[in-house]
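If you read the sequences in order, they're chains D and Y. Take the first sequence: its letter number 214 is residue 214 in the UniProt record's numbering, and every next letter is one higher. Take the second sequence: its letter number 126 is residue 126 in the UniProt record's numbering, and every next letter is one higher. Notes to accompany the following structure.
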Amino acid sequence: MIDWEPLILTFKLAFITTILLLLLSIPLGFWLAHTKSKLKPIFETFVSMPLVLPPTVIGFYLLIAFSPSNSFGSWLNDWLGLRLVFSFEGLLIASIIYSLPFMVHPIQAGFSNLPGSLKDMSYVLGKSKTTTLFKVLLPNIKSSLLTGIVLAFAHTVGEFGVVLMIGGNIPGKTKVASIAIYDEVESLNYDAANTYSLILFALTFSILLAVYLINGGYLKKQKND
Amino acid sequence: MIEIAIQKILTSALGEMSLDINTTIEKGNLVTIYGKSGAGKTTILRILAGLLSPDKGEIKVNGITWLNTINGINLKPQKRKIGFVFQDYALFPNMNVKENLLFALNKGQDTKIVNHLIEIIELGELQNRKPETLSGGQKQRVALARALVQKPSILMLDEPLSALDSEIRFKLQQYILTVHKEYKLTTLLISHDISEILRMSDKVLELDNGKIIRQGTPNEVFNYKELNAKFQFTGTIIDIVKQDFIFILTIRIGKDLVKVVADESEGEQLLIGDKILVSSKAFNPVINKIG
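Listed below in structure tokens is the structure:
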């Protein structure tokens with residue numbers, strides 16, 4: 001039997017990452033969709049960087065930054081008691097950066113595609129910005145939110161390079177499923193590697209299929225027939 | 001009473017244009033803003049609603065300052081209490097018709113008004129439908145009802161009827177007139193349609209290139225002073241045929257083609273494509289009710 005811990009750790013990491021990313025990406029996506037600031041291209045570039053940058057590059061710089069032998073790393077260690085290198089918290093921060101574009105892009109596109117008149121009308125009707133966001137804007141970009149959530153989750157499940165660089169391979173702390181697969185292959189344990197791989201394959205397939213079914217309205221149509 | 005004196009430089013596809021408006025609108029009037037597209041009509045309504053800020057100027061409504069660029073006063077749209085019907089209606093797609101109206105209620109406001117509006121604007125059968133399933137005219141009625149939920153004293157309509165066919169249009173004009181009177185509104189309407197303006201408005205502001213070029217009653221503005229006992233239509237000449245010493249003109253008036261006779265002296269001055277005014281006095285027309 002395989003060790004379930006890497007799989008549980010993977011999903012715990014993906015779950016927390018997705019929730020934090022959602023909270024971060026709604027305001028960020030809203031700002032990017034509506035700002036006229038000249039700094040917008042710079043922010044957009046930073047958000048998109050993880051799409052093209054090798055994960056090892058992100059991992060390497062985070063490793064350097066978080067290392068207790070550095071000023072930032074030692075400040076985190078001394079003042080907040082946070083050790084971000086080779087720890088779950090470190091993985092979490094790295095995952096948030098790594099999966100940021102997958103959450104921000106759909107949400108930003110969702111906000112941009114909504115007619116501006118909806119927001120204006122809500123204001124004219126005397127509604128505050130918060131009410132407008134929660135009652136008018138977010139309910140009308142549900143499919144973008146779902147896409148963002150799923151892509152960010154799936155992408156975090158699939159990360160390897162960043163985890164290896166900053167998390168290493170500590171069982172129960174940083175040894176996620178993708179690392180476990182690599183580990184098993186290294187020790188020629190193909191059966192275990194295959195089991196991990198099959199589980200990840202099946203889960204990712206079902207999650208993405210569910211999104212396409214829901215966003216494509218296939219489930220709704222069947223109900224009506 | 002609305003006193004408005006604003007200036008704003010607008011950049012459009014055609015280059016820069018300076019919007020410079022200075023006028024007063026009497027309480028309880030129905031005022032139409034008329035003019036070519038790009039003349040700045042929508043911008044005026046958006047500035048009044050607080051969705052857009054002018055470069056400088058002042059807006060006072062019933063003695064209360066809404067905007068004064070010198071003192072830095074600029075009330076938020078939320079505080080202005082205006083009923084606004086946008087050109088695209090802006091119904092919230094996630095809510096059904098009734099929810100759209102309920103959303104517009106102020107905190108703690110009695111929901112009775114919603115039912116009353118559903119009744120007078122005849123939305124009863126539509127209340128549980130989502131906006132995407134409604135026709136243009138139905139959407140327009142919902143948007144009109146929603147704009148009135150908070151009992152605003154000012155109602156603004158941005159070309160609400162332009163996308164509708166003539167029968168529905170006529171009915172909606174009636175709805176607008178009904179609520180205008182029932183709620184004692186000051187109403188500002190953007191329209192391109194002269195017959196609509198003549199039927200509905202107390203006053204017309206004609207806008208061109210960001211400036212008011214004419215204002216007054218519709219009859220004054222459109223020069224229809226001698227309207228009594230007289231029919232007149234504007235049309236375009238499609239064809240001119242000379243027969244002996246008369247001319248037969250084919251004229252397009254709206255969607256109809258009409259043939260009329262012109263004498264030699266009139267006919268010789270006319271060319272195909274000319275815009276003309278056809279009028280007739282002192283005759284007894286046949287009237288049939290069709291709707």
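Note that the Cβ used here is the ideal one computed from N, Cα and C, for glycine as well.
- The shortest C-alpha to C-alpha distance from F170(Y) to any of D110(Y), A147(Y), L198(Y) is the one to L198(Y).
- When the beta-carbon positions are compared, I96(D) and G29(D) stay at least 9 Å from each other.
- Look at F247(Y) here: in three-state DSSP terms it is strand.
- A direct Cα-Cα distance of roughly 23 Å separates N128(Y) from Q87(Y).
- In the DSSP assignment, L157(Y) is bridged to V85(Y), L189(Y).
- I8(D) sits in a helix when the DSSP states are folded into three classes.
- Beyond the five residues adjoining it in sequence on each side, D183(D) comes within less than 7 Å, by CB distance, of N169 in the same chain, given in chain order.
- Under the three-pair Cβ rule at 8 Å, the region 167-185 of chain Y counts as touching the region 134-143 of chain Y.
- Per DSSP, the beta bridge partners of G15(Y) are S12(Y).
- Beyond the five residues adjoining it in sequence on each side, A65(D) comes within less than 7 Å, by CB distance, of F72, G73 in the same chain, given in chain order.
- E159(Y) has its alpha-carbon roughly 38 Å from the corresponding atom of A262(Y).
- If you check each beta-carbon in the region 70-93 of chain Y against every beta-carbon of chain D, the ones closer than 9 Å belong to K76, P77, Q78, K79, R80, K81, I82, G83, F84, F86, Q87, D88, Y89, A90, L91, F92, P93.
- The Cβ atoms of F84(Y) and V136(D) do not sit closer than 9 Å to each other.
- Contact of K135(D) with chain Y by beta-carbon distance below 9 Å involves F92, N94, M95, F103.
- In the three-state reduction of the DSSP assignment, G57(Y) falls in the strand class, which pools E and B.
- For I237(Y) and I47(Y), the gap between their C-alpha atoms comes out near 41 Å.
- In its chain, beyond the 5 residues on either side, I2, V31 have a beta carbon closer than 6 Å to the beta carbon of I25(Y).
- At the C-beta level, L22(D) and L145(D) come within 9 Å of one another.
- Chain Y places a beta carbon closer than 9 Å to that of M121(D), counting this residue as a contact.
- Residue environment analysis places R252(Y) among the exposed positions, since fewer than 16 neighbouring C-beta atoms fall within 10 angstroms of its C-beta.
- When 8 Å is used as the limit between beta carbons, P115(D) is near these residues of chain Y: D88, A90, in chain order.
- Contact between I121(Y) and V149(Y) is absent: CB atoms are separated by about 11 Å, not below the 8 Å threshold.
- With respect to Y34(Y), V204(Y) sits close: the two C-beta atoms are nearer than 9 Å.
- Residue nearest to D165(Y) within the set K151(Y), S135(Y), F92(Y), A147(Y) is S135(Y) (criterion: CA-CA distance).
- Note on geometry: alpha-carbon atoms of S153(Y) and V61(Y) lie some 10 Å from one another.
- Contacts between L51(Y) and chain D, judged by CB atoms closer than 9 Å, involve D120, Y123, V124 in chain order.
- Under DSSP, S279(Y) shares a beta bridge with Q232(Y).
- According to the DSSP assignment, N219(Y) belongs to the alpha helix (DSSP H) that extends over 218-221.
- Within the DSSP bridge table, the entry for K203(Y) names V31(Y) as partners.
- Setting aside the 5 residues that flank it on each side, L7(D) is surrounded in the same chain by A177, each with a C-beta closer than 6 Å to its C-beta; the list follows chain order.
- Using a CB distance cut-off of 9 Å, V149(Y) counts as an interface residue toward chain D.
- Taking one beta carbon from each stretch, the region 68-80 of chain Y and the region 231-247 of chain Y have fewer than 3 pairs nearer than 8 Å; the two do not touch.
- If you draw a straight line from the Cα of L114(D) to the Cα of N115(Y), it comes to about 29 Å.
- Under the three-state reduction of DSSP output, E159(D) falls in the coil class, being neither helix nor strand.
- Exclusion of the five residues before and after A49(Y) leaves P77, I82, F84 as the residues of its chain whose Cβ lies within less than 6 Å of its Cβ.
- When DSSP states are grouped into helix, strand and coil, V57(D) belongs to the helix group.
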